């Protein structure tokens, strides 16, 4: 008795594992990452070359507010000066015009003079830093100092103009008061003693007080220290270019390009509908990946991998078979349905055949059922011998049954020689008029129930589950489903839909087997139907022509021979796949 255990249905959502998985997936887009690094290197070369002859000179100015007592600690310069406004003034065209006059810059070079200047303010200071960029060290220092001096000169002029205006205003206010005082003094000289003269003296005192106040304000303004600021560090010619240099520029460009490439690869990964790793397939199906067929070993050649020179493919199938054998969900029922998502079932057929051989190698009585009744091929591609009629077929027909009146399965059973692995039985598929009726018939159910016998295993090969509903018609009896797919030719949404369809039909996805693209299948529309309209591209077949009417006296064709001839000329997708058509002959109503 084989001891079984419960498998992990879905991989845990471990964040470090997911991050490592995503990073490995990002490395698949090597061209995109390489393009990002190349663009970054080109940018680094441009930066290194463009800044190779760029020189920067810097001068600093400490601003001062006008004050009559520079040692008064209660004065706050930042309250009297708006440093942001001063920075904008330093960048204005008036400052540049003053500097252009001193430097002798023509009008055509005036825009370039302003473009090279940058004024900044270090935080929590009253310092303006003039930074000038030029093509030569001496020119950068000369222009930085000229712009600094022009700013100080313009600020000095602005402060002087403000003070002169205020002094002039006080003087204009003082002149009429002084005239009134002089007139009042003459009147007092001619007045006799008495109340009128006392009132005149009182008015004279008031006028003299106003004049004294205005004179005090004028004197205070004239005593102000109007120094706009002082240069703390003059600009000197720099010793080297301002650029980082070509080696550093290349390193920075490579780093930025790598970051851009990884970002582009991540965006491409996010919007890529195809699963890019085994983890993506496992998360979409919520079932483990049981195996991955070696690249270049799954396409072409015979279906049976046993006896091949390279044993890797056969060993991979044995590994999948053992993992299934120790899965309690399969070991309890011993029924396996092998399907592909869409397109060709060539690899799914190879997986079904080799799993049957691997189960037979472990001593199981294996029955392989080809339930692909649309394109049956196993009987012609496997080494088979006729076997006796199985138990489930002995009650078919009846004493009055006519040839051709029974449909698949009709009791035909073949013995497949799997070499050193042993042998297993094959129920070959054949074209029928109504596929759905044949798969859901009592004969098919009795055939699948062979797995209930001790030491028996039934493997069923069905058409692509997303192209036809045949596999879903079998899930209620063969509830263990194995999905065979190429991760590059299927979408994650397709795998999720397969899981939902199988679960809704009462089955369970046991796992997946991955394989490399078939010849001509690489990125062919990512699951889209190939040109031609069918699920799998087939050679066009000529439409069956009208059968000539039999001549009188000639033998009439036997009805089941006519049906067999019609089936051989059947065109998949012509409407008779899922709808039963019956020919009603006269006298047989």
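Numbering (the numbering used here), first residue to last: 9 to 597. Backbone N, C-alpha and C fix where the C-beta goes; we use that ideal spot for every residue, glycine too. Here the structure is a predicted model, which means the values were calculated and not measured.
Closest by C-alpha distance to residue i, when choosing among the options
i           : options            : result
residue 145 : 486, 314, 64       : 64
residue 360 : 326, 382, 371, 475 : 326
residue 465 : 494, 365, 518, 475 : 365
residue 48  : 504, 258, 393      : 258
residue 356 : 56, 35, 372, 300   : 300
residue 135 : 524, 420, 114, 68  : 68
residue 95  : 137, 116, 75       : 137
residue 124 : 114, 143, 111, 273 : 143
residue 500 : 200, 273, 294      : 294
residue 367 : 382, 350, 428, 51  : 428
residue 229 : 77, 426, 524, 51   : 77
residue 40  : 423, 383, 271, 382 : 271
residue 157 : 282, 102, 43       : 102
residue 350 : 174, 491, 481      : 491
Residue i - partner residues in DSSP beta bridges
i           : result
residue 465 : 374
residue 299 : 521
residue 215 : Paired residues: none, contrary to the question.
residue 488 : 516
residue 239 : 69
residue 113 : Answer is none; residue 113 lacks a bridge partner.
residue 392 : 424
Nonlocal neighbours in the same chain, by C-beta distance under 7 angstroms from residue i, ignoring five residues either side
i           : result
residue 93  : none
residue 195 : 208
residue 337 : 488, 516, 518
residue 179 : 226
residue 452 : 417, 446
residue 217 : none
residue 242 : 67, 153
residue 392 : 422, 423, 424, 434
Under the three-state DSSP convention, the category residue i falls into
i           : result
residue 139 : strand
residue 230 : helix
residue 261 : helix
residue 312 : coil
residue 126 : strand
residue 385 : coil
residue 209 : helix
residue 63  : strand
residue 347 : strand
residue 434 : strand
residue 168 : helix
residue 26  : helix
residue 250 : coil
residue 244 : coil
residue 440 : coil
residue 328 : helix
residue 560 : Here residue 560 scores only 46 on pLDDT, less than 50, and its place in the model should not be relied on; the value that follows carries that caveat. Here residue 560 sits in coil by DSSP.
residue 197 : helix
Neighbourhood of residue i by C-beta, 6 angstroms cutoff - its chain only, sequence neighbours within 5 removed
i          : result
residue 56 : 254, 257
residue 24 : none
Chain-order list of residues whose beta-carbon lies under 8 angstroms from that of residue i (same chain, five-residue window excluded)
i           : result
residue 484 : 513, 514, 515
residue 193 : 212
residue 284 : 33, 36, 277, 495
residue 297 : 286, 289, 290, 519, 520, 521, 522
residue 234 : 74, 164, 167, 168, 171
Proximity test, residue i beta-carbon vs the ligand ATP heavy atom, cut-off 8 angstroms
i           : result
residue 129 : In the structure shown, the ligand ATP is absent, as is every other ligand, since no ligand is present at all.
Taking three-plus beta-carbon pairs below 8 angstroms as touching, is the segment 25–35 in contact with the segment 285–293? yes
Are the segment 339–349 and the segment 424–433 touching by the rule of at least three beta carbon pairs closer than 8 angstroms? no
(message) Can you confirm whether the segment 310–319 touches the segment 469–486 when touching is taken to mean that 3 or more C-beta pairs between the two stretches lie within less than 8 angstroms?
(response) no
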